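Chains as they are written, first to last, in my numbering: chain S, 6 to 297; chain Z, 53 to 413; chain L, 1411 to 1700.
Just so it is clear, CB atoms sit at the ideal spot from N, CA and C, and this is done for glycine as well.
It should be emphasised that the depicted structure is a prediction, and the values quoted were computed from it without experimental measurement.
Worksheet for the structure shown next.
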Amino acid sequence: MSQQAHAEPIAPRGRPASKPESRGRAVRAVLVGIALFYVLVLIVAPLAGIMYYGLRNGVGAITDTFSQPDVRHALYLTVVIMLITVVVTTVLGLVVAFVLARDRFPGKSLLSAFVNLPLAVSPVVVGLMAILLFGRGGWFEPFFSAQGIQIVFALPSMVIVTIFISIPFVIREVVPLLEELGMDEEQAAWTLGASRLQTFLRITLPNIRWGLFYGMALSAARAIGEVGAVLVVSGQVQGSTETATLYILRAFDQYQAERGYIVALTLAAFSIVLLIGIEAFRRRSLKRAGQE
Amino acid sequence: MKQVRVVLGAAVAALVVVVAATGCGGGSDSSNASAASGGDCTPGDSPVITLAAYSNPYDAYGKLTSTFAADWKESHSDQQVIFQMSFGGSTTQAENIVNGFPADVYASSTAPDVQIVQDSGLIAHDWTQDENGAIVQAGAVVFSVRPGNPRNIHNWNDLTQPGLQILTPDPSQSGGARWNIVAAYGAAMRGEVPGYAKGSTEDAQRLLEGIFKNVTVLDKSANDSLKNFEAGNGDVAITYDYQAATSIAAGQEEEIVAPPSTVFIQTPTVVVDKNAEEHCVEPIADAFVKYLHSPDAQEVFASVAHTRPIDITEAKKGTDSVPPIDDLFTTDDLGGWDTLIKDTVFGPDGAFTKAFAAAKG
Amino acid sequence: MVADALTRASGRARRDPGAPTRWALRATAMLYLGLFVLLPVVVILQRGYSDGLTNLKDALDNFGAWNAIKLTVVMAFLAAIINGVFGTLLAYVLVRIRFPGREIVSAIVDLPFAIPTLVAGVMLVALYGPSSVVGGWLEDHGVKIIFAAPGILLALLFVTLPLVVRSVQPVLAELDREEEEAAQTLGAGSWTTFRKIVLPALRPAIVAGGLLVFARSLGEFGAIVFVSGNIPNKTLTAPVFITQLLSPGSFGATGGPDQAAAVAGLLFGLAFIVVLLTEKLISGRLERTS
Chain S
6 MSQQAHAEPI APRGRPASKP ESRGRAVRAV LVGIALFYVL VLIVAPLAGI MYYGLRNGVG
66 AITDTFSQPD VRHALYLTVV IMLITVVVTT VLGLVVAFVL ARDRFPGKSL LSAFVNLPLA
126 VSPVVVGLMA ILLFGRGGWF EPFFSAQGIQ IVFALPSMVI VTIFISIPFV IREVVPLLEE
186 LGMDEEQAAW TLGASRLQTF LRITLPNIRW GLFYGMALSA ARAIGEVGAV LVVSGQVQGS
246 TETATLYILR AFDQYQAERG YIVALTLAAF SIVLLIGIEA FRRRSLKRAG QE
Chain Z
53 MKQVRVVLGA AVAALVVVVA ATGCGGGSDS SNASAASGGD CTPGDSPVIT LAAYSNPYDA
113 YGKLTSTFAA DWKESHSDQQ VIFQMSFGGS TTQAENIVNG FPADVYASST APDVQIVQDS
173 GLIAHDWTQD ENGAIVQAGA VVFSVRPGNP RNIHNWNDLT QPGLQILTPD PSQSGGARWN
233 IVAAYGAAMR GEVPGYAKGS TEDAQRLLEG IFKNVTVLDK SANDSLKNFE AGNGDVAITY
293 DYQAATSIAA GQEEEIVAPP STVFIQTPTV VVDKNAEEHC VEPIADAFVK YLHSPDAQEV
353 FASVAHTRPI DITEAKKGTD SVPPIDDLFT TDDLGGWDTL IKDTVFGPDG AFTKAFAAAK
413 G
Chain L
1411 MVADALTRAS GRARRDPGAP TRWALRATAM LYLGLFVLLP VVVILQRGYS DGLTNLKDAL
1471 DNFGAWNAIK LTVVMAFLAA IINGVFGTLL AYVLVRIRFP GREIVSAIVD LPFAIPTLVA
1531 GVMLVALYGP SSVVGGWLED HGVKIIFAAP GILLALLFVT LPLVVRSVQP VLAELDREEE
1591 EAAQTLGAGS WTTFRKIVLP ALRPAIVAGG LLVFARSLGE FGAIVFVSGN IPNKTLTAPV
1651 FITQLLSPGS FGATGGPDQA AAVAGLLFGL AFIVVLLTEK LISGRLERTS
């Protein structure tokens, strides 16, 4: 397992290029060109567009946007939902990952299937599920309304749907790592007298660290970007149940497109930094590990 | 064993986080006292009124709610009313209320949407008997065209010209969409559209079919539809006149063309009794809705939302923002919303139902 | 070494972390997934299918229903194929070819995960819609992207690109080069080598990525509701149709949450089967490489 993450092209160095090699280089250039063009048209151009429309009026527009109480509340709400989602999907996701990777019992593959189910469900349907469970006439509605707790069209349902859609990420990153890791180190630790918890904290966790962080970052990015499901369950009450993405929707609706773009950029920047940061740390730690 | 306790502890901690969020979220969203069933209730110091409105009048209601809250504070020993507002497609809002959205006041764009809420039992009184029939805003269905009217749109039949791209919202989600369709239907039935015989349902259907052949986008709300048009898509948008007027006032480049015959849009705002009762804010909600009928509030609607007077004779004359209309008819002139929805236009054999199937099938 | 011997000696008991912890973990996992995943799925299936297939039939009787489902499936399929090809290409380029800016491109590929789908939709309309420079030019030449089927495809391609790349990239990176180098010394050209040696090794990852694209595309809402125009029988997709079902009374149809639930169940049933297939492929690959 000592392959490098990025392999070298085949042509050896220190020789003038022969004809097949220069053709090879041309082919490679064409391939790179096609790939870059695809990425440019599909991803870079739209992103550049958002940046242009959001930033063209400079810092003034940005400070104006962030001074709006609606914007601040929407961002705050998004962060709250994200934090709760990441905590729940990480802690409980780790439990599920351990069960999937290490345990064996009848029905385990069913469990594995459930982990992946949220990937297959349209966000709109997720919202519908919440309404059917907690809305008027829903299965749990009598219980909660007797307690005076509002679930749908309030924060709890927004958290619940966001958790649903974020469930797979941590688990899918961690399970292959656990399986690859094997139990050698852990068993060695046990035989040397370490407790399960110590083993988990000192040996397992550090080994799966980067996969776990990446899964958490994906979870966080997904949570802050969710729109379809929260649209259905939130009721879009300004300054109350409006997330950042819902604010963006309304901003475009109400002739505040520029503010919409700026908030969109904020969300995108946050997610990008998170994902890239974790990737960068991971590669650096792999490099360091390779040098030992 | 220690390990078991740790695992269970972590799991419980995670679940506690969720429940705490539930509790906090649930609690902080209503700082009202709740009425015990059948008991007395006194609203808190800062009663919250939740308003669910259709997509368009956000500026008007923003102003009206803050004015009302200020006046109320003065006259009710410093009681600070807080308004929480949500704007979206009229039908979507109605559905949300039925599904549990705790709106105390519902500002709808069409009577049938209010009916949806009433049928669920949340509106206990006959709102059609409210002041002015619960109507707080009025307008007319018009066309919004590019400056200079390059495609020469003057009447409903002009919408059927080949190659024209029309924007109108999705009738299943937007009340505005249904106003648009009823306007076309009514104009044809009243014989005000050249080429379409008076009283002929086949001709009305033919007109609708011609129009919808040219519809390229069905947006989810009236607001979305007009925004789309303003983004440069399509040649003409069928819209509320006051919505277009608001856009023009905001600097958008478009012109309003009023057809000679169109429907008088009447949008009702109603107190959702059961919710208002439960939140102990019924008197305040009632007062707010009553306020909407006052001359001051009507003035705000006219200046901020560019709506017409709710009296039809006055409305026909037009205002500074919207043009006069020759033949302004109401849904009652066509037999009332119930007939239109269940039978003549949107029913299984209705003119629109058949026209749409033919146009898009 | 010692630990392994002990393990083998004492069998399964040694591998398990102790029965009470094992049961606690299992119970927690099942409770978590049961509450958050199983329960919502059950409520949809119950509301949608407690009357047998009536709800589904009624829903499909609605105007534009069948075409919405067909369009959604076709678009999802096309997205899977196109991003299968381009995603593999991208993965190959990123892993095997050193070019300036490679790190940046690698980061860009992950961007769709970071951008809310509705923002992507808005941007695609602004960039390629009829009122834009590009879109206007295309329309003058008879090509309509936004508010037509190609726009849907564009939105799907944007949203799902990372899925294939991230599926193929790790497999490609770990591929043993010996076979390829052997083929090259025997005189095989690069393309033949790629076709006969690399591609078969990558196939499970490509298919897995493609299947994920398919499943994801079946449910996409945020980007599509902006770019497609939502015209029944032309550009209306199933997820948007489900939203419409929740508001009864249009086009003389019935609608309602039960019908919406029926169609929703059909949709994610299909997507779920696809995701299951993907898992089979991935675990098959893992078993082969360990």
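**Report entry** Cβ distance (whole Å) where L/G1450 is taken to contact S/M134 below 8 Å
**Finding:** It should be pointed out that residue 1450 of chain L corresponds to Pro in this sequence rather than to Gly. About 4 Å separates the two Cβ atoms, so the contact holds.
**Report entry** C-beta neighbour in chain L for Z/C76, strict 7 Å
**Finding:** Unreliable placement is indicated for Z/C76, whose pLDDT of 43 sits below 50; no coordinate value is reported for it.
Query raised in the report: Are the C-beta of Z/K412 and some C-beta of chain L separated by less than 7 Å?
Result: yes
Report task. State the Cα-Cα distance for the pair L/F1496 and S/R255, rounded to the nearest angstrom. Result -> 35 Å
Query - Bounding residues of the alpha helix (DSSP H) (the contiguous stretch that carries Z/T253) - result: T253 to K265
Requested in this report: Taking only runs that begin and end inside the segment 260–343 of chain Z, name each unbroken beta strand (DSSP E) of 3 or more residues, in chain order.
Outcome: 267–269, 288–292, 307–309 and 313–323
Query raised in the report: When the Cα of Z/F340 is compared with those of Z/S355, Z/T321, Z/H331 and Z/H358, which residue comes out closest?
Result: Z/T321
Query raised in the report: Skipping 5 residues on each side, what residues in its chain have a beta carbon closer than 6 Å to that of L/A1490?
Result: G1620, V1623 and F1624
Requested in this report: Identify the continuous beta strand (DSSP E) that holds Z/L103 and give its terminal residues.
Outcome: V100 to Y106
Requested in this report: Let me know the secondary structure DSSP gives Z/S138 once reduced to three states.
Outcome: strand
**Report entry** Among S/G198, S/S224 and S/I176, the one whose alpha carbon lies nearest that of S/L116
**Finding:** S/I176
Query - the segment 143–155 of chain S: positions lying closer than 9 Å to chain Z by Cβ - result: G143, E146, F149, S150, Q152, G153, I154 and Q155
Query raised in the report: Applying a beta-carbon distance threshold of less than 9 Å, which residues of chain Z neighbour S/F257?
Result: D276 and K279
Query raised in the report: Do the segment 134–144 of chain Z and the segment 238–250 of chain S meet, that is, are 3 or more Cβ pairs less than 8 Å apart?
Result: yes
Report task. For the segment 168–253 of chain Z, list the alpha helix (DSSP H) runs that are entirely contained and at least 4 residues long, ordered along the chain. Result -> 227–241
Query raised in the report: S/P51 to S/A226, Cα distance in whole Å?
Result: 18 Å
Query raised in the report: Out of curiosity, what's the CA-to-CA distance linking L/N1643 and L/A1475?
Result: 8 Å
Query raised in the report: Is the beta carbon of Z/A414 sitting closer than 7 Å to the one on Z/A163?
Result: What the structure shows of chain Z is the stretch from 53 to 413, and residue 414 of chain Z is not part of that stretch, so it cannot be assessed.
**Report entry** According to DSSP, residues forming a beta bridge with Z/A159
**Finding:** Z/A105 and Z/T321
Report task. Consider the Cβ of Z/N266: report whether some Cβ of chain L lies at a distance smaller than 7 Å. Result -> no
Query raised in the report: In or out: S/I277 buried (at least 16 other Cβ within 10 Å) or exposed?
Result: buried
Query raised in the report: Whose C-beta lies closer than 7 Å to the C-beta of Z/G227 among residues of the same chain, with five residues either side of it excluded?
Result: Y106, S142, T143, S160, S161, T162 and D165
Requested in this report: In the DSSP assignment, find the unbroken alpha helix (DSSP H) run with L/F1651 in it and report its ends.
Outcome: A1648 to L1655
Query raised in the report: Taking buried to mean at least 16 other C-beta atoms within 10 Å of its own C-beta, is Z/N266 buried or exposed?
Result: buried
Requested in this report: Can you tell me which of Z/D378, Z/V197 and Z/P223 puts its alpha carbon nearest to the alpha carbon of Z/F316?
Outcome: Z/D378
Requested in this report: Under 8 Å by Cβ, that's how I've got L/V1637 and L/G1531 pegged, so tell me the actual separation to the nearest angstrom.
Outcome: 5 Å
Query raised in the report: Closest by CA to S/E231, which one among S/G153, S/M87, S/Q203 and S/E263?
Result: S/M87
Query raised in the report: How about Z/S196 and Z/A112: do their beta carbons lie closer than 7 Å?
Result: no
Report task. Compare the Cα-Cα distances from L/L1534 to each of L/W1433, L/A1633, L/N1640 and L/V1650 and report the closest residue. Result -> L/A1633
Query raised in the report: Touching or not, the segment 62–77 of chain S and the segment 260–276 of chain S, by the rule of three or more beta carbon pairs under 8 Å?
Result: yes
Requested in this report: Please go through the same chain and pick out, in chain order, the residues whose beta-carbon is closer than 6 Å to the beta-carbon of L/V1684, but skip the five residues on each side of it.
Outcome: L1621, F1624 and A1625
Report task. Mark L/I1514 as exposed unless 16 or more other C-beta atoms lie within 10 angstroms of its C-beta, in which case mark it buried. Result -> exposed
Query raised in the report: Closer than 7 Å, CB to CB, is S/S276 near chain L or not?
Result: yes
Query raised in the report: Mind pulling the chain Z residues with CB within less than 8 Å of L/A1654?
Result: Here residue 1654 of chain L turns out to be Gln, not Ala, going by the sequence shown. What L/Q1654 touches in chain Z: D222, S224 and Q225.
Query raised in the report: Is there at least one non-hydrogen atom of the ligand NAD closer than 6 Å to the beta-carbon of S/M56?
Result: The ligand NAD is absent from the structure shown, which contains no ligand whatsoever.
Query - Own chain residues within Cβ distance below 8 Å of S/A102, not counting five before or after - result: V175, I176, V179, V180 and L183
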